[in-house]
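Quick note on numbering: the sequence shown equals residues 280 to 686 in this note's numbering. Beta carbons are placed, not taken as given, at the ideal position from N, Cα and C, and that holds for glycine. Below: the structure, in structure tokens.
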Amino acid sequence: MPEQMNVAMMTSGGLAPCLSSSVAYLVEFWAAALKAGTISGLTIRMYVDGYKGVLIGESTVLSPDSYDACSCLHDVGGSPIGNSRVKLTNIKDCLARGFIKEGETPLEAAAQQLIKDNINVIHTIGGDDTNTQAAVLSKYILDEHGGKVVVVGMPKTIDNDVFPIVQTFGADTAAEQGSLFFTNVVSESSANPRMLIIHEVMGRDSGYLTAATSRKYHDSLKKATFVPGLTTTAKSRDIHAVWIPEINIDIAAEGARLKKIMDETGCVNVFLSEGAGVNDIIAEMEANGEEVPRDAFGHVSLAKINPGVYFSKRLATLVGAEKTLVQKSGYFARSAASNPFDRKLIKDCAEEGVKSAIAGVSGCMGQDEDKEGTPIRAIEFERIKGGKHFDTSAEWFKTLLKEIGQN
């Protein structure tokens with residue numbers, strides 16, 4: 280017999296070009312299930328600002344009259360319901376930020392709120408931390424309160440670094456947007472002789488986004504036309520180095536190689552993953568007695584240690600740069616609306632995700648790379664983890680490095 284479904288949604292962590300489309304498609308398929316009679320009734324509750332909203336009880340129930348209107352979200356970047364970075368096991372942080380009271384635990388506060396709101400299903404749209412936390416919360420409600428909340432996650436991260444998911448939401452769009460960003464920034468190479476441009480791309484442990492952004496930008500140049508005899512050429516606007524965490528950077532050897540390019544073209548363009556060389560930077564900071572800044576999850580705050588500036592200072596001397604420019608495409612790239620590739624992936628996962636939720640099966644939606652044919656399914660939460668490195672043996676990446684002269 281069809282059931283009444285009280286569905287909740289939340290977005291969490293950093294932005295990615297998928298959050299709005301994920302909300303739109305989930306609403307679309309839940310509304311379709313109601314219309315088809317698969318479920319007998321439906322409420323859709325949006326928790327505001329991720330886990331913060333769950334903890335403090337801030338939410339809004341979407342009017343059924345607004346279900347169809349949610350399709351407009353496909354053209355919107357960011358999150359339509361707000362994000363935050365909150366770790367449910369970090370009691371000290373949640374207490375300091377006023378999300379819980381003295382003597383409370385975040386898990387219990389969140390559990391009480393979901394029980395109060397009579398939630399049957401919660402869709403967590405976020406990275407590995409967001410989704411594994413939701414699984415812990417679901418288990419806590421079952422163990423401590425005897426209740427059942429089905430958790431169906433949607434894998435958001437532009438890093439594309441989640442096991443065992445083939446492709447996470449937003450990564451392809453972010454690479455496309457990063458390429459667009461540099462298409463303009465590279466023109467700064469004509470503003471000054473012997474110009475060094477560092478394009479810093481997001482990516483803590485995985486170089487996927489930097490590599491994919493490099494590929495899209497490099498390929499775009501193959502379609503461009505240049506005037507013979509002028510200083511702006513395909514080579515002056517191309518990428519001259521791609522530095523990612525998975526590749527050891529011999530700064531002296533790279534400096535010598537890139538100096539030849541600087542002498543020839545009058546500029547050097549480097550695509551740098553923000554996670555490249557971070558261990559070296561941390562070691563240097565700790566040796567100097569400096570405190571390494573970290574977020575609520577214990578991750579190093581990359582924005583504060585500034586890898587781009589660190590490498591630019593060293594490389595500028597080696598290549599004889601007269602001027603150095605460090606430009607970060609992260610916020611530009613991650614705040615875009617989903618492109619057609621990501622929208623199709625999100626749609627397919629949302630459709631299967633709603634079916635899974637109705638069947639009472641929890642998991643994180645995605646293409647399961649450990650299963651034959653990489654089917655889209657609710658992947659067991661215990662198999663979800665971050666930190667997947669980019670595969671540098673991919674033929675397209677080896678071809679890219681060869682074409683730019685970095686072997």
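Going by C-alpha positions, THR384 is about 11 Å away from GLN391. DSSP lists MET284 as the beta-bridge partner residues of LEU321. Taking 9 Å as the cut-off, the beta carbon of VAL549 is found closer than this to the beta carbon of HIS478. At the C-beta level, THR436 and GLY329 stay beyond 9 Å of one another. Annotation for SER552: no alpha helix (DSSP H) segment contains it, though the beta strand (DSSP E) segment containing it runs 546-552. Take the alpha-carbon of ALA453 and the one of SER617: they are about 9 Å apart.
Distance from the Cα of GLU282 is smallest, within the candidate group LEU321, THR339, ALA303 and VAL306, for LEU321.
The C-alpha of ARG516 lies about 6 Å from the C-alpha of VAL465.
Counting C-beta atoms within 10 angstroms of its own C-beta, ASP542 has fewer than 16 neighbours from the protein chains shown and is therefore classed as exposed.
The three-state secondary structure of ASP647, taken from DSSP, is strand. With respect to GLY568, PRO524 sits apart: the two C-beta atoms are not nearer than 9 Å.
Excluding five sequence positions before and after GLY356, the CB atoms of its chain that fall closer than 6 Å to its own CB belong to SER614, ALA615 and ALA616, given in chain order.
Between PHE660 and GLY632, the C-beta gap is not smaller than 9 Å, which leaves the two residues out of contact. Taking every protein chain shown into account, the CB of VAL588 has fewer than 16 other CB atoms within 10 angstroms, so this residue is exposed. With contacts defined as CB atoms closer than 9 Å, GLY639 and PHE442 fail to qualify as a contacting pair. When DSSP states are grouped into helix, strand and coil, SER614 belongs to the coil group. Take the alpha-carbon of ASN686 and the one of GLU570: they are about 36 Å apart. Within 10 angstroms of the beta-carbon of LEU594 lie 16 or more other beta-carbons, which makes it buried. Just so you know, the alpha carbons of GLN412 and ILE335 end up roughly 17 Å apart. Contact check for LEU305 against VAL327 fails: the beta carbons are separated by 9 Å or more.
ALA612 is positioned such that its CB atom lies no closer than 9 Å to that of VAL521. In the structure shown, GLY587 falls within a helical segment according to DSSP collapsed to helix, strand and coil. Sequence-distant partners of ILE379 (beyond 5 residues in either direction) whose C-beta falls short of 8 Å from its own C-beta, in its chain, are LEU334, ILE370, CYS373, PRO385 and ALA388. Remark: C-beta atoms of ALA535 and LEU597 approach each other more closely than 9 Å.
CA-to-CA, the gap between ALA312 and ILE318 works out to about 6 Å.
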